[in-house]
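**Q**
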Ligand code: AMP
Ligand code: ZN
Ligand code: FE
Ligand code: FE
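In my numbering, the protein residues as written are 5 to 281.
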């Protein structure tokens, strides 16, 4: 038996991934994961859909989420693990955030119109379907209309922080979002710190309740992993990791490309047992 491993960063079509929750569980089984966390953007609906199949396969499905926040004009993604999905304040926050994201699509479409890009918000929302809408859905519509040749191009020309169509993903600060996670009994973790590129913020966020750092991520080179391992060890942060699998909306990132040793899952559980009453 190989040592147990986990992938704690997975998206389904309930946010901007392209796979059903069941398909993600099926893939997790194929790559031999013992534990997995579906971490859709501002949405927990996939978890209940995935749970029966995960249970049948004996895969531990850890409650997960990736929540958007803003700090000094930077997009901050916070992962939450082991929270109570039925927590009323959490679900209220998610409902509000999903509504803000719909309004954000309308605003992005208005801004794009000013630079001569004519796409309809309704088309984006229809493509997103029942879950959380996000920039990858806008990117897909830009591709369908020939404004870009590849999906990543959307983020360098139209939707990235320095581009004309950019609108922040959330008006809330990291402290507000981490409070929602912790009040729901969850463990807050800073996602893919390389995308933030502001290491000093990590220590700031710890004052606001941050408990872990996503050291292992498909976007981190081995050198970056060593860098963030050192930071996590120095600051006594828990270490998590995952592929950030999105199906066909993020090419070249298969599920399980990051396999987190199960001891890190144990550490998350131990933290929760010691800190959440
Ligand atoms: P949103 O939550 O709507 O701001 O969208 C964030 C998502 O957009 C991320 O989870 C990625 O799936 C995708 N994304 C962000 N930046 C890029 C990029 N440079 N290239 C491709 N996809 C990206
Ligand atoms: Zn995404
Ligand atoms: Fe993210
Ligand atoms: Fe993600």
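Where is the CB? At the ideal position from N, CA and C, for every residue including glycine.
How far does the beta strand (DSSP E) with residue 71 in it reach, from first residue to last?
**A** Translated into positions along the chain shown, residue 71 becomes position 67. 68-75 is the span of the beta strand (DSSP E), which, as asked, contains residue 71.
**Q** For ligand 3, list every residue whose C-beta falls under 7 angstroms from any of its heavy atoms, going in chain order.
**A** Residues flagged by the Cβ proximity filter: 70, 81, 195, 196, 199 and 248.
**Q** Put residue 221 into one of helix, strand or coil per three-state DSSP.
**A** Looking up residue 221 in the chain shown gives position 217. Correct three-state label for residue 221: strand.
**Q** For residue 165, which of 47, 242 and 74 has the nearest alpha-carbon?
**A** Position 161 of the chain shown, counting from 1, holds the residue named residue 165. For residue 165, the nearest C-alpha among the options comes from 74.
**Q** For my contact list, residue 184 and residue 92 are in at a C-beta cut-off of 8 angstroms; report their separation, rounded to the angstrom.
**A** The count along the chain shown starts at 1 and reaches residue 184 at position 180. The count along the chain shown starts at 1 and reaches residue 92 at position 88. So it is not a contact: roughly 11 angstroms between Cβ atoms.
**Q** For residue 226 and residue 269, I'd like the C-alpha separation in whole angstroms.
**A** Working through the chain shown from its first residue, we reach residue 226 at position 222. Working through the chain shown from its first residue, we reach residue 269 at position 265. Using only the alpha carbons, I get a separation of about 21 angstroms.
**Q** Just reading off the alpha helix (DSSP H) that residue 110 is part of, what are its end residues?
**A** Numbered from 1 along the chain shown, position 106 holds the residue referred to as residue 110. Run containing residue 110: 92-118, per the alpha helix (DSSP H) assignment.
**Q** In terms of residues, what are the limits of the alpha helix (DSSP H) holding residue 185?
**A** In the chain shown, the residue the question calls residue 185 occupies position 181. Start and end: 178-187.
**Q** State the start and end residues of the unbroken alpha helix (DSSP H) segment that holds residue 295.
**A** The structure shown has nothing for residue 295, since the chain only spans 5 to 281.
**Q** Buried or exposed for residue 251, please, with buried defined as at least 16 other CB atoms from any protein chain shown within 10 angstroms of its CB.
**A** The residue you call residue 251 lines up with position 247 of the chain shown. Buried, by the Cβ-count rule.
**Q** Decide yes or no for the touch test of the region 39-49 against the region 69-83: beta carbon pairs closer than 8 angstroms, at least 3 of them.
**A** With a cut-off of 8 angstroms, the region 69-83 and the region 39-49 count as touching, because enough Cβ pairs lie within range.
**Q** Kindly give me the distance between the Cβ atoms of residue 102 and residue 154, rounded to whole angstroms, as I take these residues to be in contact under 8 angstroms.
**A** Position 98 of the chain shown, counted from the start, is the residue given in the question as residue 102. Position 150 of the chain shown, counted from the start, is the residue given in the question as residue 154. Not confirmed; about 28 angstroms, so no contact.
**Q** Can we say the region 233-242 touches the region 110-121, given the rule of at least three CB pairs closer than 8 angstroms?
**A** Verdict: no, contact absent.
**Q** Please classify residue 76: is it buried, with 16 or more other beta-carbons within 10 angstroms of its beta-carbon, or exposed?
**A** Residue numbering aside, residue 76 sits at position 72 when the chain shown is read from its first letter. Per the 10 Å Cβ criterion, exposed.
**Q** Is the region 53-63 touching the region 170-186 in the sense that three or more CB pairs, one from each, lie closer than 8 angstroms?
**A** The answer is no - the region 53-63 does not touch the region 170-186, with fewer than three Cβ pairs under 8 angstroms.
**Q** Does DSSP put residue 143 in a helix, a strand or coil?
**A** Reading the chain shown from its first residue, position 139 is the one you call residue 143. Here residue 143 sits in helix by DSSP.
**Q** Pick from 188, 78 and 139: whose alpha carbon is nearest that of residue 156?
**A** As a working note, residue 156 is residue 152 in the chain shown. Minimum Cα distance to residue 156 is reached at 139.
**Q** Short check: CB of residue 163 to CB of residue 144, under 8 angstroms?
**A** Walking along the chain shown from the start, residue 163 turns up at place 159. Walking along the chain shown from the start, residue 144 turns up at place 140. In this structure, residue 144 does not lie closer than 8 angstroms to residue 163 by Cβ.
**Q** Below 8 angstroms between beta carbons: does that hold for residue 11 and residue 17?
**A** Here residue 11 corresponds to residue number 7 of the chain shown, with the count starting at 1. Here residue 17 corresponds to residue number 13 of the chain shown, with the count starting at 1. Contact: no.
**Q** Looking at the structure shown, is residue 156 part of a helix, part of a strand, or coil, going by DSSP?
**A** One-based indexing of the chain shown puts residue 156 at position 152. In this structure, residue 156 counts as helix in the three-state DSSP scheme.
**Q** Where residue 105 and residue 5 are concerned, what is the direct C-alpha to C-alpha distance, given to the nearest angstrom?
**A** Position 101 of the chain shown holds residue 105. Position 1 of the chain shown holds residue 5. Their backbone Cα atoms lie some 44 angstroms apart in a straight line.
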